[in-house]
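Asks: This is the structure, below, for whatever I ask next.
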Amino acid sequence: NKVRQKLSSSSFLINPWAPVMDSKFTDKSFFSESQLETIKTGEFNKMPILMGTSRHSGIALISEAIGSEDNKDRLRRDWTVLGGELILNRPENILRPQEDLQFVNTLKKFYFDQEEFTEDGGFDQLINAVGDAVFLGANDYFIKAVHGGSAQPIYLYNFDHMYSNISGGDVFSLSTIQLILKLFLSKIGIKMFNDKRPGISHWDELFCIFSGNDSFLFKHSISNQVDQKVANIFTSFIINFASSGNPTSSSGINEILGDLEWEFTKKENDKKFLSVSSSPEMQEFDSEQINFLKDAFKKRYS
Numbered sequence: 001n002k003v004r005q006k007l008s009s010s011s012f013l014i015n016p017w018a019p020v021m022d023s024k025f026t027d028k029s030f031f032s033e034s035q036l037e038t039i040k041t042g043e044f045n046k047m048p049i050l051m052g053t054s055r056h057s058g059i060a061l062i063s064e065a066i067g068s069e070d071n072k073d074r075l076r077r078d079w080t081v082l083g084g085e086l087i088l089n090r091p092e093n094i095l096r097p098q099e100d101l102q103f104v105n106t107l108k109k110f111y112f113d114q115e116e117f118t119e120d121g122g123f124d125q126l127i128n129a130v131g132d133a134v135f136l137g138a139n140d141y142f143i144k145a146v147h148g149g150s151a152q153p154i155y156l157y158n159f160d161h162m163y164s165n166i167s168g169g170d171v172f173s174l175s176t177i178q179l180i181l182k183l184f185l186s187k188i189g190i191k192m193f194n195d196k197r198p199g200i201s202h203w204d205e206l207f208c209i210f211s212g213n214d215s216f217l218f219k220h221s222i223s224n225q226v227d228q229k230v231a232n233i234f235t236s237f238i239i240n241f242a243s244s245g246n247p248t249s250s251s252g253i254n255e256i257l258g259d260l261e262w263e264f265t266k267k268e269n270d271k272k273f274l275s276v277s278s279s280p281e282m283q284e285f286d287s288e289q290i291n292f293l294k295d296a297f298k299k300r301y302s
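Just so you know, we're using UniProt numbering here: the sequence shown kicks off at 1 and counts up by one.
Shown next, in the form of structure tokens:
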């Protein structure tokens, strides 16, 4: 518990998947300073970077919050506490009153029209608020830090394909029984609970790059020609990037990608991203949305 509290009170965007500054716990540390400081000072290999989000990334983080009536009621009664847990991964006892609460309340004010969270219309807003804060805003903050001391290319994507059968959103939003029913009935052409699908979740792109034979769930995600086309496109990006540092280096000679050119983000224009779908194309994030996140992160982490 002491280690957890020490980490939770100091890490940047607390996340069990993120590197830990281990100098706090050992004399032979791998990280001698925070990852953010390492990036800001430019003390890292200047390699091309491929990174991205999904259209509704927040789905992966809110299932617990909306999975019970008690938690829905908590959202209505005390957004600052549960919002802090969802966005900052900090339990109530270690929330920093000014820094943390101001951050989550700023998000609430921007994403929610109503004064308090309500079930009607609040579900999509909650997905966007949490997803943008944890993924989109953090990515943008990272890009800004890298651009501050390096001109290396950063290829940014937004995964925007809803699988015809099973997706990450189903895993996070359906009960275990509902998910099993959906999987087995899909074998005979019956699609259940499609009206409850909340969107394209964080890690949905992983269904494209892992063999279906390795996982029962993954096996049932790529289930038609459109799903397979998206999987082939995304896999081509990964292979190209691993071999050349450019995800569309085979464009013009690869019939899967055609003449697609993926423009990397630049310091003067960091809103560009590739929308990954059956017809991928370059797009830009909404200016109001991304500028709000820039300002919120600047106030919170600078």
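Heads up, the beta-carbon is just placed ideally off N, CA and C, and yes, glycines get one too.
Could you spell out where the alpha helix (DSSP H) holding Q35 opens and where it closes?
Replies: Mapped onto the sequence shown, residue 35 falls at position 35. Segment 35-40, the alpha helix (DSSP H) holding Q35.
Asks: From the DSSP output, in three-state form, read off F103 for me.
Replies: By 1-based counting over the sequence shown, the position of residue 103 is 103. Here F103 sits in helix by DSSP.
Asks: By the three-class DSSP mapping on this structure, what secondary structure does F241 have?
Replies: Position 241 of the sequence shown, counted from the first residue, corresponds to residue 241. It is helical.
Asks: Starting from K299 and walking both ways along the alpha helix (DSSP H), at which residues does that stretch end?
Replies: In the sequence shown, counting from the first residue as 1, residue 299 sits at position 299. 287-301 is the extent of the alpha helix (DSSP H) around K299.
Asks: Distance, Cα to Cα, K294 vs F237?
Replies: Residue 294 sits at position 294 when you count from the first residue of the sequence shown. Residue 237 sits at position 237 when you count from the first residue of the sequence shown. In a straight line, the C-alpha of K294 is about 28 Å away from that of F237.
Asks: How about K108 and D270: do their beta carbons lie closer than 8 Å?
Replies: Mapped onto the sequence shown, residue 108 falls at position 108. Mapped onto the sequence shown, residue 270 falls at position 270. The answer is no: Cβ separation not under 8 Å.
Asks: Assuming Q102 and F112 form a contact by the criterion Cβ under 8 Å, report the distance between their Cβ atoms to the nearest whole angstrom.
Replies: Translated into the one-based positions of the sequence shown, residue 102 becomes position 102. Translated into the one-based positions of the sequence shown, residue 112 becomes position 112. 16 Å between Cβ atoms; not a contact.
Asks: What three-state label does DSSP hand K46 in the structure shown?
Replies: Counting from 1 along the sequence shown, the entry for residue 46 is found at position 46. K46: coil per DSSP, three-state reduction.
Asks: Between the Cα of Q228 and those of N240, C208, F297, spot the shortest distance and give me the residue it belongs to.
Replies: One-based indexing of the sequence shown puts residue 228 at position 228. Considering only alpha carbons, the answer is C208.
Asks: Contact check, S167 vs S57 under 8 Å by CB: the rounded distance?
Replies: Taking the sequence shown and counting its residues from 1, the one referred to as residue 167 is at position 167. Taking the sequence shown and counting its residues from 1, the one referred to as residue 57 is at position 57. Contact doesn't hold; Cβ gap of about 13 Å is too wide.
Asks: Give me whichever residues DSSP pairs with K266 in a beta bridge.
Replies: Sequence index remark: in the sequence shown, residue 266 carries index 266 (1-based). K266 pairs with N269.
Asks: In or out: A133 buried (at least 16 other Cβ within 10 Å) or exposed?
Replies: Start at 1 with the first residue of the sequence shown, and residue 133 comes out as number 133. It counts as buried.
Asks: When DSSP labels each residue in this structure, what does S54 get in the three-state scheme?
Replies: Start at 1 with the first residue of the sequence shown, and residue 54 comes out as number 54. Of the three classes helix, strand and coil, the one that applies to S54 here is strand, per DSSP.
Asks: Name the two residues that bound the continuous alpha helix (DSSP H) containing L82.
Replies: Position 82 of the sequence shown, counted from the start, is the residue given in the question as residue 82. Unbroken alpha helix (DSSP H) run through L82: 79-88.
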